[in-house]
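The numbering of the sequence shown is this note's numbering, which starts it at 98 and goes up by one.
The structure appears right after this line, and notes come after that.
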Amino acid sequence: MSASLPSSPVRSKTTFLDGGESGHQLGVNGHGGGPASGRTGGRRNNSDNVVLERRADHLGHRPKVEKEVLVGTPVKEGHVNYMLMYDMLTGIRISVSRCTAKPERELMGLDFKAAHKLAFDVTGNELTPSSKYDFKFKDYAPWVFRLIRQVYHVDPADYLLSLTGKYVLSELGSPGKSGSFFYYSQDYRFIIKTIHHSEHKFMMHILQRYYEHIKNNRETLLCRIFGLHRVKLPGNRKIHFVVMGNVFPSGKDIHESYDLKGSLVGRYIDAAEEEKNPRVTLKDMNWVGRQRKLQLGPQKRAAFVDQLEKDVSFLVSQKIMDYSLLIGCHDMSRGNRDNIRD
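Quick look at the structure:
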């Protein structure tokens with residue numbers, strides 16, 4: 098995996114290097130533009146995420162929410178996926194609350210394989226409150242993800258308020274090639290992604306090594322995964338999903354985005370496709386053709402490349418492939434007047 102990091106700036110862009118949703122951001126001077134954000138992802142949708150943007154609304158300090166939904170289609174009562182959304186959020190609310198209420202302790206080996214089951218129904222019981230629907234919920238490795246959230250200063254109450262405060266999510270279009278659905282929290286800070294059972298098994302398989310990497314590399318560019326869950330709907334339909342931190346800032350429109358693999362073969366979005374969908378994620382040849390560059394000072398460039406190398410080494414050690422660098426650009430001269438996220 099490679100990315101172009103020359104000394105020349107991107108005109109009309111200011112970019113920032115950030116280790117993720119929380120942690121220390123590193124500013125990069127440019128000429129009147131906004132953040133770039135990047136990610137390297139992997140096989141089975143394991144991603145290596147970079148945010149190139151300084152923002153005040155990191156996970157520990159929640160921004161004021163002026164709108165219920167910033168992007169996509171609101172999932173409210175009457176929506177075809179409302180029941181699924183309700184079940185996911187209810188399960189998250191109860192499971193995270195229960196885990197948070199327990200005293201802190203050291204992790205044990207069994208915590209990485211733990212799976213706590215909850216059953217919900219309209220009448221409620223001693224373990225769960227009454228629910229609109231009957232469903233079952235499974236919370237995987239809750240102690241592990243509790244500690245991961247702590248590493249990135251994600252306050253439990255803040256986390257639940259973002260996800261379940263209004264029981265409104267935003268569904269981002271139709272599922273892509275992976276068949277996954279993406280849902281944004283109403284403040285745009287968290288993403289719920291449905292995953293295949295095989296992806297779930299793989300995440301559980303590497304979870305302990307992922308946790309160790311996170312713990313030893315607090316500025317990792319890997320995707321910040323804050324929860325791994327499953328709901329069982331009527332008819333025995335099982336939906337696995339993860340909760341991730343959104344690498345893009347909640348208060349900025351992203352005017353351009355690039356998915357860079359370090360390959361030029363088949364890595365181009367033509368003008369017709371871009372005209373059809375102005376928000377399409379562009380690729381390597383578009384980046385090269387438009388002479389896009391990142392300006393990073395020597396220290397910041399060294400820190401960025403060093404962390405990328407560590408993260409890629411981790412991905413390779415787990416036999417993960419097909420990762421990429423996601424870069425998002427915010428044009429400060431345009432600001433948010435285009436209402437791209439509405």
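The beta carbon of each residue, even a glycine, is placed where N, CA and C say it ideally should be.
Report the rounded CA-to-CA distance for residue i versus residue j, giving the unit in angstroms.
i	j	result
Leu123	Val193	Low local confidence applies: a pLDDT of 30 at Leu123 is under 50, so the model's placement there is unreliable, with the coordinate-based value given in what follows. About 32 Å.
Lys173	Thr187	14 Å
His427	Tyr264	29 Å
Tyr230	Gly175	14 Å
Leu224	Gln415	37 Å
Pro200	Met418	38 Å
Val377	Glu316	28 Å
Phe401	Asp350	24 Å
Leu102	Lys312	Annotation note: pLDDT 31 at Leu102 (below 50); position unreliable, coordinate value reported separately. Approximately 27 Å between the Cα atoms of the pair.
Leu423	Gly359	11 Å
Arg334	Asp208	26 Å
Gly157	Cys196	For Gly157, the predicted model reports a pLDDT of 43, less than 50, meaning its position is unreliable; a value from the coordinates is still stated below. Straight-line Cα distance between these residues: approximately 19 Å.
Asp381	Gly425	13 Å
Ile191	Lys214	11 Å
Asp255	Ala369	42 Å
His294	Met300	10 Å
Asn433	Pro346	12 Å
Leu181	Lys397	43 Å
Ser227	Leu330	16 Å
Gly332	Glu203	39 Å
Arg364	Ala216	46 Å
Asp367	Pro375	11 Å
Phe411	Leu319	10 Å
Leu257	Val251	10 Å
Leu379	Lys210	38 Å
Ser267	Asn178	11 Å
Thr261	Gln283	9 Å
Val321	Met341	Per the sequence shown, residue 321 should be read as Arg rather than Val. Distance between the alpha carbons of Arg321 and Met341: 6 Å.
Met205	Ile245	15 Å
Ala399	His337	38 Å
Gly384	Val362	Inspection of the sequence shows that residue 384 is occupied by Trp rather than by Gly. When rounded, the distance between both Cα atoms is 13 Å.
Determine the extent of the alpha helix (DSSP H) in which residue i is found, giving its start and end residues.
i	result
Pro239	239-248
Leu405	395-414
Pro253	253-261
Glu372	368-373
Gly432	Careful: Gly432 lies outside any alpha helix (DSSP H) and carries neither H nor E.
Val385	381-386
Taking residue i as part of the beta strand (DSSP E), name the residues at either end of that continuous run.
i	result
Asp356	353-357
Gly425	422-426
Tyr280	279-282
Thr225	Segment: none, Thr225 is in no beta strand (DSSP E) and carries neither H nor E.
Val172	170-172
Leu266	266-268
Per DSSP, residue i is paired with what?
i	result
Phe287	Gly342
Asp231	None, per the DSSP bridge assignment.
Leu361	Bridge partners of Leu361: none, in fact.
Leu215	Phe234
Comparing the C-beta of residue i with each C-beta of chain C, is any distance below 9 Å?
i	result
Asp231	Chain labels in this structure do not include chain C; a single protein chain is all it has.
Does at least one heavy atom of the ligand HEM sit under 8 Å from the Cβ of residue i?
i	result
Ala212	Summarising the ligand content, the structure contains no ligands, and the ligand HEM is consequently not present.
Counting Cβ pairs closer than 8 Å, one from the segment 297-308 and one from the segment 231-249, do we hit at least three? yes
Jot down the residue ranges of each uninterrupted beta strand (DSSP E) in the segment 174-213, minimum 3 residues, whole runs only, in chain order. none
Could you tell me which uninterrupted alpha helix (DSSP H) segments, each at least 4 residues in length, are contained entirely in the segment 290-346, listed from first to last along the chain? 294-313
Below 8 Å, how does it come out for the segment 315-333 and the segment 383-392: are there three or more Cβ pairs, yes or no? no
If we count Cβ pairs, one from each stretch, closer than 8 Å, do we get three or more for the segment 277-294 versus the segment 210-221? no
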